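Novice: Chains as they are written, first to last, in the working numbering: chain D, 215 to 332; chain Z, 215 to 332. Quick one: this structure, given as structure tokens, is what I'll be asking you about.
There are 2 protein chains.
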Amino acid sequence: MTLPHPTADQISLPIVLAVLGDPTRLAIVRFLASKEGVPMNCGKFLDLASKTNLSYHLAKLREAGVTRTEAAGTSRLITLRRDDLDRRFPGLLDSVIAAAGEDKALPAVGTADTEIDA
Amino acid sequence: MTLPHPTADQISLPIVLAVLGDPTRLAIVRFLASKEGVPMNCGKFLDLASKTNLSYHLAKLREAGVTRTEAAGTSRLITLRRDDLDRRFPGLLDSVIAAAGEDKALPAVGTADTEIDA
DNA sequence: CCAATTGTTCAATAACTTTTGAACAAAGGA
DNA sequence: TCCTTTGTTCAAAAGTTATTGAACAATTGG
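Shown next as structure tokens:
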């Protein structure tokens with residue numbers, strides 16, 4: 215039931231970078247970061263990709279150690295592993311998120327549909 | 215003759231992250247960062263990959279805007295585009311390089327062969 | 001129990017990336 | 001000029017990643 219997650223020291227920098235290098239996953243992470251503290255389920259990301267495809271990308275993020283996924287009834291709660299990432303790679307997550315904000319080519323985080331029912 | 219490089223504002227975050235997510239390219243960037251100021255030609259990276267393969271990876275880095283490549287006789291001078299990257303994505307390059315230093319799974323930068331003839 | 005909700009798995013496919021060797025090109029020194 | 005050095009290009013092969021739809025599983029509410 216409990217899904218496999220790497221421990222903090224198993225998190226690999228190249229894997230984290232490669233995982234964040236995908237625009238869909240970067241958008242997921244930005245959205246998580248913009249709502250830190252608010253529990254997110256997969257459905258919250260449905261405007262970013264199809265349900266099946268989200269399952270794939272969320273698994274990639276989890277396996278890389280970027281997110282934590284916990285079962286909660288029929289839903290899953292997805293959170294950023296900010297503590298682990300900050301301990302392991304200080305400043306990295308913040309600079310990536312800030313950089314994403316600076317990249318005019320990227321869509322703004324938290325668009326219409328995803329905003330409802332916060 | 216002059217190879218194509220993106221302008222600073224054409225540099226894309228997801229592309230930079232994806233490019234740095236490859237272990238060979240991350241090693242190249244770490245090596246460049248450890249020798250900033252010292253002009254590097256492709257041959258300096260020959261312990262990281264074959265000549266042909268290096269040509270491929272160095273082109274990726276250049277096209278992403280991470281490095282600059284200038285022709286110099288029969289050689290090419292490769293430099294990190296630190297100024298452009300820092301202006302565009304403040305702190306990102308430094309945190310990636312620092313993170314690479316923290317990642318015990320990555321090989322140490324600047325190994326034997328690459329050290330000769332600095 | 002039944003139905004709805006939420007998300008996963010599977011197999012197929014498409015698309016991209018990496019790696020390789022052989023052949024080529026340009027510059028510079030003997 | 002010829003040879004060496006340095007690096008590129010090309011086509012092929014191998015490997016990897018992303019995307020899709022159909023089928024499945026688990027939980028919860030009626």
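Don't be surprised by glycine CBs; every beta carbon is placed ideally from N, CA and C. This one's a predicted model, so the numbers in the text were calculated from it and none came from an experiment.
Give me the Cβ distance between residue 235/D and residue 247/Z, rounded to the nearest whole Å; I'm assuming they're in contact under 8 Å.
Specialist: In fact, because the Cβ distance is near 19 Å, the residues do not count as touching under 8 Å.
Novice: Based on DSSP bridge pairs, tell me the residues matched to residue 282/D.
Specialist: Partner(s): 293/D.
Novice: Establish whether the CB of residue 317/D and some CB of chain Z are separated by less than 7 Å.
Specialist: By this cut-off, residue 317/D is an interface position.
Novice: Would you check if the distance between the CB atom of residue 240/D and the CB atom of residue 283/D is smaller than 7 Å?
Specialist: Not a contact, by the Cβ cut-off of 7 Å.
Novice: For residue 265/Z, count neighbouring C-beta atoms within 10 Å of its own C-beta (all shown protein chains included) and say buried if the count is 16 or more, exposed if not.
Specialist: Residue 265/Z comes out exposed.
Novice: With C-beta atoms as the reference, is residue 228/D less than 7 Å away from residue 321/Z?
Specialist: The answer is no: Cβ separation not under 7 Å.
Novice: Are there three or more Cβ pairs, one per stretch, closer than 8 Å when the segment 261–277 of chain Z is compared with the segment 255–264 of chain D?
Specialist: Judged by Cβ distances under 8 Å, the segment 261–277 of chain Z makes no contact with the segment 255–264 of chain D, as fewer than three pairs qualify.
Novice: Less than 7 Å separating the beta-carbons of residue 291/Z and residue 313/D?
Specialist: No, the Cβ-Cβ distance between residue 291/Z and residue 313/D is not below 7 Å.
Novice: Could you check if residue 301/Z is buried or exposed, using at least 16 other CB atoms within 10 Å of its CB as the buried criterion?
Specialist: That one is exposed.
Novice: Write down the C-beta distance between residue 310/Z and residue 278/Z rounded to the nearest angstrom, noting that I regard them as a contact closer than 8 Å.
Specialist: The pair is not a contact, with the Cβ atoms about 13 Å apart (cut-off 8 Å).
Novice: Take the Cβ of residue 318/D as the centre, count every other Cβ of all protein chains shown within 10 Å, and call the residue buried at 16 or more, exposed below.
Specialist: Result: exposed.
Novice: Is residue 218/Z close to chain D? Criterion is C-beta to C-beta, closer than 7 Å.
Specialist: Chain D, which has no Cβ nearer than 7 Å to the Cβ of residue 218/Z, makes this no.
Novice: Around the C-beta of residue 281/Z, are 16 or more other C-beta atoms found within 10 angstroms, so that it is buried, or is it exposed?
Specialist: Per the 10 Å Cβ criterion, buried.
Novice: Cutting at 6 Å between CB atoms, please list the residues of its own chain near residue 220/D, excluding the five before and the five after it.
Specialist: If we look at residue 220/D and ignore the five residues flanking it on each side, its Cβ neighbours are 279.
Novice: Taking a Cβ distance cut-off of 8 Å, strictly less, list which residues of the segment 247–265 of chain D are near chain Z, in chain order.
Specialist: Going along the segment 247–265 of chain D in chain order, one finds no residue with a Cβ nearer than 8 Å to chain Z.
Novice: Anything in chain D within Cβ reach of residue 314/Z, meaning under 7 Å, just list it in chain order.
Specialist: By Cβ distance, chain D contributes 227.
Novice: Residue 297/D versus chain Z: which residues are under 8 Å apart at the beta carbon?
Specialist: Under the 8 Å cutoff, chain Z gives no residues; its nearest Cβ is about 15 Å from residue 297/D.
Novice: Quick one: Cα of residue 298/Z to Cα of residue 304/Z, how far?
Specialist: For residue 298/Z and residue 304/Z, the distance between alpha carbons rounds to 9 Å.
Novice: Return the CA-CA distance between residue 250/Z and residue 222/Z, expressed in angstroms with no decimal places.
Specialist: C-alpha separation (whole angstroms): 19 Å.
Novice: Would you please verify whether the beta carbon of residue 303/Z is less than 7 Å from any beta carbon of chain D?
Specialist: For residue 303/Z, the answer is yes, since a Cβ of chain D falls inside 7 Å of its Cβ.
Novice: CA-CA distance, residue 255/D and residue 276/Z?
Specialist: Each residue's alpha carbon lies about 39 Å from the other.
Novice: State the Cα-Cα distance for the pair residue 294/D and residue 287/Z, rounded to the nearest angstrom.
Specialist: When rounded, the distance between both Cα atoms is 49 Å.
Novice: When you measure from the CB of residue 242/Z to every non-hydrogen atom of the ligand ZN, does any distance come out below 6 Å?
Specialist: This structure lacks the ligand ZN; in fact it carries no ligand of any kind.
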